[in-house]
Amino acid sequence: MIVSKPKLSALLALGIFSFISISVGAYALSIIMDDRGLWYHYVISGVFLSVGLVLFIRQLLSYKLVSIGDNKLRAAFPFKGIKKEYSLADIVSWKEEVIKTKNASFRQLEVQFDDFLLKLTIQENTQYEQILGYLKKKVSKKQVR
Numbered sequence: 554m555i556v557s558k559p560k561l562s563a564l565l566a567l568g569i570f571s572f573i574s575i576s577v578g579a580y581a582l583s584i585i586m587d588d589r590g591l592w593y594h595y596v597i598s599g600v601f602l603s604v605g606l607v608l609f610i611r612q613l614l615s616y617k618l619v620s621i622g623d624n625k626l627r628a629a630f631p632f633k634g635i636k637k638e639y640s641l642a643d644i645v646s647w648k649e650e651v652i653k654t655k656n657a658s659f660r661q662l663e664v665q666f667d668d669f670l671l672k673l674t675i676q677e678n679t680q681y682e683q684i685l686g687y688l689k690k691k692v693s694k695k696q697v698r
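Be aware that the sequence shown starts at 554, since it is given in this note's numbering, and climbs by one per residue.
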């Protein structure tokens with residue numbers, strides 16, 4: 554059984570950015586509450602609190618655990634309370650997109666089911682290569698090139 558989850562480095566980077574954004578926004582809001590706020594404190598508070606909270610909520614809702622093995626693929630979204638299980642025969646198509654940049658390449662795996670699209674990236678998920686190899690071995694006929 555191959556289990557893929559978000560990389561700690563990706564979670565940590567987004568978490569630190571969210572924390573700093575929310576902290577700066579909260580500090581600007583505390584200045585406003587003390588009746589000494591200027592116009593730019595309102596802007597800073599609104600922008601930083603919005604960005605920080607939206608990013609934090611998006612991070613929680615997009616957290617996923619993917620396991621593949623025994624001719625089944627399971628995707629669990631713990632913060633949404635959703636668990637999906639599919640047979641490999643249920644895969645409509647899958648493809649790996651590789652985008653070459655100046656310094657590195659961005660790789661994303663998309664697995665399409667009838668009612669669900671699963672996306673994994675090498676930068677954000679563990680066991681990416683193992684899942685890609687498993688799909689190539691078991692359902693190579695459904696690969697879109």
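We put the CB at the ideal spot given by N, CA and C, even for glycine.
As the structure is a computational prediction, the values presented were derived from the model and not from experiment.
Annotation: ALA657 is outside any beta strand (DSSP E) and is labelled neither H nor E by DSSP.
Per DSSP, reduced to three states, the secondary structure at GLU638 is strand. Counting along the chain, LEU618 sits inside no alpha helix (DSSP H); it lies in the beta strand (DSSP E) bounded by residues 618 to 622. DSSP places VAL556 in no alpha helix (DSSP H) but in the uninterrupted beta strand (DSSP E) bounded by 555 to 557. When the Cα atoms are used, PHE630 and ILE621 turn out to be separated by approximately 15 Å.
When DSSP states are grouped into helix, strand and coil, VAL600 belongs to the helix group.
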